[in-house]
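At position 92 of the sequence shown the residue is numbered 91 (numbering that gives the first Met the number 0), and the sequence of numbers has no breaks. A virtual CB, placed ideally from N, CA and C, is assigned to each residue, including glycine.
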Amino acid sequence: MGFLTNPLYAMLFTEDLMEYVLARLGVIWIGNETGIRRFRRHIPKHLFKPQIGMAVCDIIDKHSELIVKCYSELILKGVNCVGDFKYEATITTILYLEHGYNRLKYLELCALFAGIACHCFRNSDPTFARDVASASAQLLAYIINFFILKESFLPNDDWFALLISAQTIRRKIKNGTLYTRDNEDDEIPLPYFDVC
(Lines of atoms letter the chains of each structure in order from A and count residues from 1; the text may use other names and numbers.)
(Lines give C-alpha, C1' and ligand atoms only; values in the text may rest on other atoms or scores of the structure.)
Protein backbone atom coordinates (compact mmCIF):
# COMPACT_ATOMS: atom_id res chain seq x y z
CA MET A 1 0.00 0.00 0.00
CA GLY A 2 1.51 3.30 -1.08
CA PHE A 3 1.80 6.31 1.14
CA LEU A 4 -1.18 8.13 -0.39
CA THR A 5 -3.41 5.05 -0.40
CA ASN A 6 -3.37 4.92 3.40
CA PRO A 7 -7.03 5.17 4.51
CA LEU A 8 -6.05 7.70 7.17
CA TYR A 9 -5.37 10.30 4.48
CA ALA A 10 -8.98 10.27 3.29
CA MET A 11 -10.28 10.53 6.86
CA LEU A 12 -7.98 13.44 7.71
CA PHE A 13 -8.96 15.12 4.44
CA THR A 14 -12.69 14.84 5.11
CA GLU A 15 -12.38 15.92 8.76
CA ASP A 16 -10.37 18.96 7.66
CA LEU A 17 -12.90 19.68 4.92
CA MET A 18 -15.86 19.41 7.28
CA GLU A 19 -14.17 21.59 9.91
CA TYR A 20 -13.23 24.22 7.30
CA VAL A 21 -16.66 24.38 5.65
CA LEU A 22 -18.55 24.48 8.94
CA ALA A 23 -16.26 27.26 10.20
CA ARG A 24 -16.94 29.25 7.02
CA LEU A 25 -20.65 28.77 7.73
CA GLY A 26 -20.22 30.06 11.29
CA VAL A 27 -20.16 26.71 13.12
CA ILE A 28 -17.25 25.56 15.24
CA TRP A 29 -16.76 21.80 15.00
CA ILE A 30 -13.52 20.08 15.73
CA GLY A 31 -13.26 16.38 15.05
CA ASN A 32 -12.33 14.09 17.87
CA GLU A 33 -8.69 14.79 18.81
CA THR A 34 -8.42 11.33 20.33
CA GLY A 35 -9.48 9.61 17.11
CA ILE A 36 -7.86 9.87 13.69
CA ARG A 37 -6.53 13.38 14.30
CA ARG A 38 -4.06 12.19 16.91
CA PHE A 39 -2.06 10.76 13.99
CA ARG A 40 -1.84 14.14 12.24
CA ARG A 41 1.66 14.93 13.44
CA HIS A 42 2.84 11.61 11.97
CA ILE A 43 1.42 12.32 8.53
CA PRO A 44 3.90 14.18 6.35
CA LYS A 45 1.44 15.43 3.73
CA HIS A 46 -1.92 17.09 4.26
CA LEU A 47 -4.26 16.64 1.31
CA PHE A 48 -6.93 19.17 2.22
CA LYS A 49 -6.56 22.52 0.50
CA PRO A 50 -8.73 25.56 1.32
CA GLN A 51 -9.69 25.92 -2.36
CA ILE A 52 -11.57 22.62 -2.09
CA GLY A 53 -13.42 23.87 0.98
CA MET A 54 -14.25 27.14 -0.77
CA ALA A 55 -15.72 25.21 -3.72
CA VAL A 56 -17.88 23.18 -1.32
CA CYS A 57 -19.04 26.44 0.31
CA ASP A 58 -19.89 27.85 -3.13
CA ILE A 59 -21.93 24.73 -3.94
CA ILE A 60 -23.75 25.06 -0.60
CA ASP A 61 -24.50 28.70 -1.35
CA LYS A 62 -25.72 27.85 -4.86
CA HIS A 63 -28.08 25.17 -3.51
CA SER A 64 -28.98 26.53 -0.08
CA GLU A 65 -32.74 26.14 -0.64
CA LEU A 66 -32.37 22.49 -1.66
CA ILE A 67 -30.14 21.78 1.34
CA VAL A 68 -32.70 23.34 3.69
CA LYS A 69 -35.37 21.18 2.03
CA CYS A 70 -33.23 18.06 2.53
CA TYR A 71 -32.64 18.94 6.18
CA SER A 72 -36.39 19.53 6.67
CA GLU A 73 -37.23 16.21 5.01
CA LEU A 74 -34.85 14.38 7.34
CA ILE A 75 -36.52 16.01 10.33
CA LEU A 76 -39.99 15.14 8.96
CA LYS A 77 -38.85 11.52 8.59
CA GLY A 78 -37.96 11.54 12.28
CA VAL A 79 -34.21 11.28 11.75
CA ASN A 80 -32.91 12.26 15.18
CA CYS A 81 -30.13 9.78 15.82
CA VAL A 82 -26.87 9.25 14.01
CA GLY A 83 -27.77 5.69 12.99
CA ASP A 84 -30.79 6.93 11.06
CA PHE A 85 -28.72 9.71 9.49
CA LYS A 86 -26.01 7.25 8.42
CA TYR A 87 -28.65 5.05 6.79
CA GLU A 88 -30.21 7.96 4.86
CA ALA A 89 -26.80 9.36 3.87
CA THR A 90 -25.56 5.95 2.71
CA ILE A 91 -28.62 5.32 0.55
CA THR A 92 -28.31 8.81 -0.94
CA THR A 93 -24.62 8.20 -1.68
CA ILE A 94 -25.22 4.82 -3.31
CA LEU A 95 -27.91 6.24 -5.58
CA TYR A 96 -25.99 9.41 -6.42
CA LEU A 97 -22.73 7.62 -7.26
CA GLU A 98 -24.33 4.61 -8.95
CA HIS A 99 -22.23 5.22 -12.07
CA GLY A 100 -18.96 5.54 -10.16
CA TYR A 101 -16.68 8.23 -8.83
CA ASN A 102 -17.05 11.72 -10.27
CA ARG A 103 -15.26 14.74 -8.78
CA LEU A 104 -18.22 17.13 -9.20
CA LYS A 105 -20.67 14.64 -7.70
CA TYR A 106 -18.27 13.94 -4.82
CA LEU A 107 -17.99 17.66 -4.03
CA GLU A 108 -21.78 17.97 -4.26
CA LEU A 109 -22.12 15.20 -1.66
CA CYS A 110 -19.60 17.05 0.50
CA ALA A 111 -21.75 20.18 0.16
CA LEU A 112 -24.96 18.33 0.97
CA PHE A 113 -23.58 16.63 4.08
CA ALA A 114 -21.78 19.75 5.36
CA GLY A 115 -24.88 21.86 4.72
CA ILE A 116 -27.09 19.44 6.61
CA ALA A 117 -24.55 19.24 9.45
CA CYS A 118 -24.61 23.05 9.63
CA HIS A 119 -28.40 23.07 9.92
CA CYS A 120 -28.19 20.40 12.61
CA PHE A 121 -25.82 22.61 14.61
CA ARG A 122 -28.17 25.55 14.24
CA ASN A 123 -31.45 23.72 14.92
CA SER A 124 -30.82 20.42 16.71
CA ASP A 125 -29.28 18.88 19.76
CA PRO A 126 -25.52 19.71 19.76
CA THR A 127 -24.57 16.08 20.37
CA PHE A 128 -26.62 14.95 17.38
CA ALA A 129 -25.08 17.74 15.27
CA ARG A 130 -21.53 16.66 16.21
CA ASP A 131 -22.44 13.07 15.40
CA VAL A 132 -23.84 14.10 11.99
CA ALA A 133 -20.65 16.04 11.19
CA SER A 134 -18.48 13.07 12.24
CA ALA A 135 -20.63 10.54 10.37
CA SER A 136 -20.54 12.75 7.27
CA ALA A 137 -16.74 12.94 7.40
CA GLN A 138 -16.54 9.17 7.85
CA LEU A 139 -18.86 8.47 4.91
CA LEU A 140 -17.02 10.92 2.65
CA ALA A 141 -13.71 9.24 3.58
CA TYR A 142 -15.23 5.83 2.96
CA ILE A 143 -16.24 6.93 -0.55
CA ILE A 144 -12.66 7.91 -1.39
CA ASN A 145 -11.21 4.74 0.12
CA PHE A 146 -13.78 2.57 -1.68
CA PHE A 147 -12.90 4.09 -5.04
CA ILE A 148 -9.17 3.77 -4.25
CA LEU A 149 -9.74 0.03 -3.78
CA LYS A 150 -11.74 -0.12 -7.02
CA GLU A 151 -8.89 1.80 -8.69
CA SER A 152 -11.34 4.50 -9.82
CA PHE A 153 -9.57 7.04 -7.60
CA LEU A 154 -5.82 7.01 -8.11
CA PRO A 155 -4.30 8.79 -5.11
CA ASN A 156 -1.16 9.95 -6.88
CA ASP A 157 -3.29 11.76 -9.49
CA ASP A 158 -6.78 12.29 -8.16
CA TRP A 159 -6.07 14.31 -5.02
CA PHE A 160 -4.53 16.96 -7.28
CA ALA A 161 -7.34 16.51 -9.83
CA LEU A 162 -9.89 17.14 -7.05
CA LEU A 163 -8.14 20.44 -6.27
CA ILE A 164 -8.16 21.47 -9.94
CA SER A 165 -11.83 20.48 -10.26
CA ALA A 166 -12.67 22.52 -7.15
CA GLN A 167 -11.03 25.59 -8.66
CA THR A 168 -12.88 25.03 -11.95
CA ILE A 169 -16.19 24.59 -10.12
CA ARG A 170 -15.67 27.86 -8.25
CA ARG A 171 -14.97 29.68 -11.49
CA LYS A 172 -18.00 28.14 -13.22
CA ILE A 173 -20.31 28.99 -10.31
CA LYS A 174 -19.01 32.56 -10.33
CA ASN A 175 -19.62 32.78 -14.10
CA GLY A 176 -23.01 31.06 -13.86
CA THR A 177 -21.99 28.18 -16.13
CA LEU A 178 -21.66 25.20 -13.78
CA TYR A 179 -25.09 23.69 -14.26
CA THR A 180 -25.86 24.77 -17.82
CA ARG A 181 -26.51 21.76 -19.99
CA ASP A 182 -28.18 21.19 -23.34
CA ASN A 183 -30.92 19.00 -21.88
CA GLU A 184 -32.30 20.28 -18.59
CA ASP A 185 -33.97 16.92 -17.94
CA ASP A 186 -30.49 15.47 -17.35
CA GLU A 187 -29.65 18.05 -14.72
CA ILE A 188 -29.27 16.73 -11.20
CA PRO A 189 -27.74 19.73 -9.46
CA LEU A 190 -27.40 18.13 -6.04
CA PRO A 191 -28.33 14.83 -4.43
CA TYR A 192 -31.03 15.00 -1.84
CA PHE A 193 -32.68 12.87 0.76
CA ASP A 194 -35.97 11.64 -0.67
CA VAL A 195 -39.19 11.96 1.33
CA CYS A 196 -40.37 8.46 0.40
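Cβ neighbour criterion (16 or more within 10 Å) applied to residue i
i: Val55; result: buried
i: Tyr8; result: buried
i: Cys109; result: buried
i: Glu64; result: exposed
i: Leu73; result: buried
i: Gly52; result: buried
i: Glu150; result: exposed
i: Asn155; result: exposed
i: Leu139; result: buried
i: Glu14; result: buried
i: Asp83; result: exposed
Spatial distance of residue i from residue j (CA atoms)
i: Gln50; j: Gly175; result: 18 Å
i: Leu161; j: Arg102; result: 6 Å
i: Thr89; j: Lys173; result: 30 Å
i: Ala113; j: Ile163; result: 21 Å
i: Leu75; j: Pro125; result: 19 Å
i: Tyr70; j: Glu87; result: 11 Å
i: Ala165; j: Lys68; result: 25 Å
Residue i and residue j closer than 9 Å at C-beta
i: Ile168; j: Leu94; result: no
i: Phe146; j: Phe152; result: yes
i: Leu11; j: His45; result: yes
i: Val20; j: Cys117; result: yes
i: Trp28; j: Arg129; result: yes
i: Phe127; j: Asn79; result: yes
i: Ile59; j: Leu24; result: yes
i: Ile66; j: Ile143; result: no
DSSP three-state assignment for residue i, whether helix, strand or coil
i: Ser164; result: helix
i: Ala9; result: helix
i: Asn101; result: coil
i: Cys80; result: coil
i: Gly52; result: helix
i: Glu72; result: helix
Min CB distance residue i to chain C below 9 Å
i: Leu11; result: The chain inventory of the structure shown lacks chain C, comprising one protein chain alone.
heavy atom of the ligand ZN below 8 Å from residue i C-beta
i: Leu21; result: The ligand content of the structure shown is nil, which means the ligand ZN is not present either.
My parser needs the alpha helix (DSSP H) runs of 4 or more residues fully inside the stretch 97 to 145; what are they? Correct list: 102 to 122.
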